[in-house]
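Chain order of the listed sequences is P and Y.
Residue numbers for the first sequence follow my numbering, so the first one is 50 and each next one is one higher.
Residue numbers for the second sequence follow my numbering, so the first one is 391 and each next one is one higher.
Even for Gly, the Cβ is constructed at its ideal location relative to N, Cα and C.
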Amino acid sequence: MLEGVEFLLHYNTTAPRPRSQPPLRKHVRKYWQLYVMAAIPFAAFLLFKYVPMFGNILAFRKFRAGASPFGVDWIGMKNFQRFLKDKSFWRAFTNTLITSSLNLLFNFPIPVIFALLLNELRSLKFKKLVQTVSYMPRFVSTIVMITMLNEILSPTSGSLNMILNSVFGIKPIYFVNVPAFFRPIYILTDMWQFTGWSAIIYLAAITGINSELYESAMIDGANRWQQTLYVTIPSILSTVMVMFILSVGRLLSVGFEKVLLLYSPENSIVSDVIDTFVYRYGITNNNYSYATAVGLFGGVIGVALVSSANFVSRRLTGDGLY
Amino acid sequence: MRDRSTGYRVFSAFNICLMLFVLFLCLYPFVYMLAISFSSAKAVINGWVSFYPKEFTLETYKLITSNAQFRIGYANTIFYTVGGTAIAMGLMCLMAYPLSKAFLRGRGILMKMVIFSMFFSGGMIPNLMLVIWLHLNNTVWAMLLPFAINQFNLIILINFFKSLPDSIEEAAVIDGMGYFGILWRIVLPLSTPALATIALYTAVFFWNDWFYSLIYMNSNERYSVMVYLRNIVSGQSMAGAAAGSGSSERMTVYATLRASSIILTSLPIIILYPFLQRFFVKGLTIGSVKG
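The structure is reproduced here in structure tokens:
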């Protein structure tokens with residue numbers, strides 16, 4: 050999800066249109082082909098991105114099978130009142146916040162550190178090799194990753210339990226079923242899958258630093274550590290900030306597919322998150338209207354998070370997404 | 391930039407060790423899966439397998455590739471990947487090219503709409519409702535259409551088009567070429583690196599998807615191979631295949647079956663990765679050529 054981040058940083062800087070514009074009719078006559086060209090994909094874009102957005106009114110309406118996807122009768126805030134009183138909803142809500150905050154705490158700084166460490170490798174070939182291998186996990190399907198994890202952590206034949214048993218004499222542990230291991234597993238698998246990939250953007254930022262800065266730092270007698278501290282890190286700070294905003298904005302959207310695959314009744318105390326809650330009520334129990342309300346609640350908080358993170362970032366660094 | 395102090399040397403040695411460990415961590419799961427998939431059930435159940443196959447056998451591969459459900463799923467996945475990527479590329483090129491023209495009226499608001507939709511989306515249920523409403527559920531179109539326009543990829547493409555020199559297009563306009571012609575004959579041939587990168591991201595998305603296939607489809611004839619893999623993981627679909635063996639042995643047969651299914655479903659990515667990896671990264675840097 051990092052693609053295009055650089056663009057988000059700069060898209061506002063495109064030159065403003067000249068103030069005196071030719072009349073609209075002339076403009077359209079000249080460029081009508083461009084408008085025609087955009088029409089079909091734009092219709093698809095509206096249909097598949099914006100219609101579902103308005104489809105959220107189902108949260109305030111009653112659903113009837115076979116009728117409109119936007120529901121039939123207004124029921125007001127009934128769904129919201131219901132889930133706000135529901136203890137299992139609040140459990141899912143706090144689980145979401147805890148899991149993703151912990152994930153942010155560990156997996157936000159690690160790619161930055163990884164990029165800085167990669168940058169210190171002197172052999173370019175080795176650097177390229179580590180880089181290439183480290184972002185491969187990003188392209189592995191979640192389901193494949195979880196299956197591999199189950200294999201490695203399996204209490205009967207998994208290599209981790211084998212090692213623990215033969216070296217430390219620890220009895221096999223059914224890791225994926227123990228609630229206490231759910232969050233560590235979530236964070237570590239995220240680390241495995243995304244560290245290399247997330248580091249790319251920071252590496253690109255590091256490569257873009259003007260080498261004269263390092264030269265003058267060296268003339269001033271800065272050693273490698275001081276150069277990192279006073280040149281490299283300040284230079285990549287705006288990129289780091291934008292990535293941080295994006296991550297904060299996604300605090301309420303944990304890696305849903307992964308959680309769903311790791312979910313079991315045994316670990317549900319910690320693994321039930323907003324999205325699995327929506328999935329359970331909506332897809333499994335066909336309680337569409339209620340599930341939409343919960344999903345909408347999460348979505349709105351998500352937008353609020355992104356906007357406030359953006360506001361803070363603008364205040365602090367003068368850089369923001371929009 | 392060299393630092394020859396002892397402290398830095400110690401750090402460098404430590405750094406290299408750490409990176410070797412990272413390499414090991416990234417590759418080991420695949421090595422382990424390969425090893426299990428080619429081993430006998432007996433070797434796996436006794437915990438003999440950790441790095442390379444023991445009692446080499448192709449049994450599970452034969453079992454899986456002869457499974458009708460696996461074949462259907464695999465064919466579906468190939469179809470969704472090829473079809474979905476083709477449609478997505480077509481639509482995104484047609485949308486990105488006009489949006490790359492700063493002089494176009496209404497461009498600003500369209501860009502804002504694209505960016506807003508990256509932060510607020512319809513959500514799981516409204517998306518499903520839409521698919522049902524359009525009668526796309528349980529048809530291939532439910533996979534091919536809703537994901538066609540990905541905002542991040544679209545923005546990469548817009549930015550790349552913007553970075554192309556205007557002079558060539560201006561010459562073509564003077565020669566009387568229409569914008570469709572310019573896009574097809576001039577812009578797209580110049581954009582192959584960006585197109586390759588985005589096509590790859592899109593293809594990976596379709597190849598890896600299991601969730602949408604699961605909720606938008608409801609027959610075995612339509613599920614992707616990843617849904618099949620998920621069913622094996624939850625032990626739903628291999629009961630027949632492994633029948634006849636003892637219960638604990640059957641569990642291990644499952645383990646070897648899962649391992650070989652993983653290898654087979656990840657095969658395209660594993661094989662193509664070394665050749666395509668340079669394209670995978672391009673998308674991240676392509677966008678920054680020109681603001």
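Checking 8 Å against the spacing of the C-beta atoms, do residue i and residue j come in under that value?
{"i": "L339/Y", "j": "L590/Y", "result": "One cannot answer for residue 339/Y here, as it falls past the ends of chain Y, which runs 391 to 681."}
{"i": "S206/P", "j": "I435/Y", "result": "yes"}
{"i": "M423/Y", "j": "E306/P", "result": "no"}
{"i": "Y442/Y", "j": "A425/Y", "result": "yes"}
{"i": "Y606/Y", "j": "V521/Y", "result": "yes"}
{"i": "M514/Y", "j": "G104/P", "result": "no"}
{"i": "N377/P", "j": "Y235/P", "result": "Beyond the ends of chain P as shown, which are 50 and 371, falls residue 377/P; an answer cannot be given."}
{"i": "S440/Y", "j": "T646/Y", "result": "no"}
{"i": "G298/P", "j": "V361/P", "result": "no"}
{"i": "S587/Y", "j": "F460/Y", "result": "Per the sequence shown, the amino acid found at residue 587/Y is Thr instead of Ser. No, the Cβ-Cβ distance between T587/Y and F460/Y is not below 8 Å."}
{"i": "F551/Y", "j": "S507/Y", "result": "no"}
{"i": "A108/P", "j": "A353/P", "result": "no"}
{"i": "M482/Y", "j": "P90/P", "result": "yes"}
{"i": "I600/Y", "j": "S190/P", "result": "With the sequence shown as reference, residue 600/Y is identified as Trp, and Ile is not the correct amino acid for it. Taking 8 Å as the Cβ cut-off, W600/Y and S190/P qualify as a contacting pair."}
Within the continuous alpha helix (DSSP H) that includes residue i, where are the two ends?
{"i": "G620/Y", "result": "Residue identity check: residue 620/Y is Arg in the sequence provided, not Gly. Its alpha helix (DSSP H) spans residues 615-623."}
{"i": "I201/P", "result": "191-202"}
{"i": "T471/Y", "result": "458-489"}
{"i": "K307/P", "result": "305-311"}
{"i": "F90/P", "result": "Just to set this straight, residue 90/P is Pro in the shown sequence, not Phe. Residues 73-94."}
{"i": "R140/P", "result": "136-156"}
{"i": "D556/Y", "result": "556-564"}
{"i": "L518/Y", "result": "514-523"}
{"i": "L526/Y", "result": "From DSSP, L526/Y is part of no alpha helix (DSSP H); its letter is neither H nor E."}
{"i": "V530/Y", "result": "From DSSP, V530/Y is part of no alpha helix (DSSP H); its letter is neither H nor E."}
{"i": "L209/P", "result": "208-212"}
{"i": "G498/Y", "result": "497-509"}
{"i": "S265/P", "result": "260-268"}
{"i": "P314/P", "result": "Careful: P314/P lies outside any alpha helix (DSSP H) and carries neither H nor E."}
{"i": "G104/P", "result": "100-104"}
Whose CA, out of the options, lies closest to the CA of residue i?
{"i": "V412/Y", "options": "L286/P, D321/P, L237/P, F326/P", "result": "L237/P"}
{"i": "Y602/Y", "options": "W531/Y, F460/Y, S557/Y", "result": "W531/Y"}
{"i": "K491/Y", "options": "G115/P, A87/P, N359/P", "result": "A87/P"}
{"i": "I250/P", "options": "M290/P, E261/P, S357/P, S260/P", "result": "M290/P"}
{"i": "I318/P", "options": "I285/P, A248/P, V85/P, I147/P", "result": "I147/P"}
{"i": "W241/P", "options": "L415/Y, M508/Y, S395/Y, S656/Y", "result": "L415/Y"}
{"i": "K98/P", "options": "A403/Y, I539/Y, V594/Y", "result": "I539/Y"}
{"i": "G344/P", "options": "R612/Y, S511/Y, S427/Y", "result": "S511/Y"}
{"i": "F188/P", "options": "Y312/P, I255/P, S247/P", "result": "S247/P"}
{"i": "K452/Y", "options": "T529/Y, I661/Y, S650/Y", "result": "S650/Y"}
{"i": "L573/Y", "options": "R74/P, V77/P, R78/P, L83/P", "result": "L83/P"}
{"i": "F469/Y", "options": "V623/Y, E611/Y, L662/Y", "result": "E611/Y"}
{"i": "P186/P", "options": "R668/Y, I660/Y, F669/Y", "result": "I660/Y"}
{"i": "Y80/P", "options": "V563/Y, L408/Y, L547/Y", "result": "V563/Y"}
{"i": "I258/P", "options": "Y279/P, I285/P, W274/P", "result": "I285/P"}
{"i": "F596/Y", "options": "A584/Y, S614/Y, P583/Y", "result": "S614/Y"}
{"i": "Y263/P", "options": "L278/P, M194/P, L252/P", "result": "L278/P"}
{"i": "L309/P", "options": "V322/P, L95/P, N226/P", "result": "V322/P"}
{"i": "N359/P", "options": "L133/P, G304/P, M292/P, Y328/P", "result": "M292/P"}
Residues of chain P with CB closer than 8 Å to the CB of residue i, please, in chain order.
{"i": "L415/Y", "result": "W241"}
{"i": "N405/Y", "result": "L166, E169, L170"}
{"i": "W523/Y", "result": "S117, P118"}
Cβ closer than 8 Å: which chain Y residues qualify as neighbours of residue i?
{"i": "M290/P", "result": "The premise fails here: M290/P is roughly 16 Å from chain Y at the closest Cβ pair, so nothing lies under 8 Å."}
{"i": "V189/P", "result": "N598, S656, I659"}
{"i": "I222/P", "result": "Near I222/P there are no residues of chain Y at all, since even the closest Cβ is about 15 Å away, more than 8 Å."}
{"i": "P101/P", "result": "S511, G512, G513, P516, N517, M519, L520"}
{"i": "V327/P", "result": "G513, M514, I515"}
For a contact meaning CB atoms closer than 7 Å, what does residue i contact in chain P?
{"i": "K444/Y", "result": "In chain order: nothing, as chain P lies at least about 12 Å away."}
{"i": "V400/Y", "result": "Residues of chain P passing the Cβ test: none, with the nearest at roughly 12 Å."}
{"i": "Y648/Y", "result": "The sequence shown places Arg at residue 648/Y, rather than the Tyr named in the question. Near R648/Y (Cβ distances below 7 Å), the residues of chain P are T196, E200."}
{"i": "G437/Y", "result": "S206, M211"}
{"i": "I605/Y", "result": "I332"}
Could you list which residues in chain Y have their beta carbon closer than 7 Å to that of residue i, in chain order?
{"i": "V352/P", "result": "F509, F510"}
{"i": "G331/P", "result": "M514, I515"}
{"i": "M126/P", "result": "Correct list: empty, because the minimum Cβ distance to chain Y is about 17 Å."}
So residue i contacts chain P; which residues on that side make the cut at Cβ distance below 9 Å?
{"i": "S440/Y", "result": "S208, M211, I212"}
{"i": "K491/Y", "result": "Y80, L83"}
{"i": "L619/Y", "result": "S190, I192, V193, T196"}
Residues of chain Y with a CB under 9 Å from the CB of residue i: which are they?
{"i": "V355/P", "result": "F509, F510"}
{"i": "V297/P", "result": "Within chain Y, no residue comes near V297/P; the closest Cβ sits about 12 Å away, beyond 9 Å."}
Every unbroken alpha helix (DSSP H) inside the segment 562-588 of chain Y [4 residues or more]: Entirely contained in the segment 562-588 of chain Y, not one alpha helix (DSSP H) run reaches 4 residues.
4 or more residues per run - each alpha helix (DSSP H) lying fully within the segment 220-265 of chain P: Here the runs fully enclosed are 228-256.
4 or more residues per run - each alpha helix (DSSP H) lying fully within the segment 273-300 of chain P: Runs found: 273-276, 282-298.
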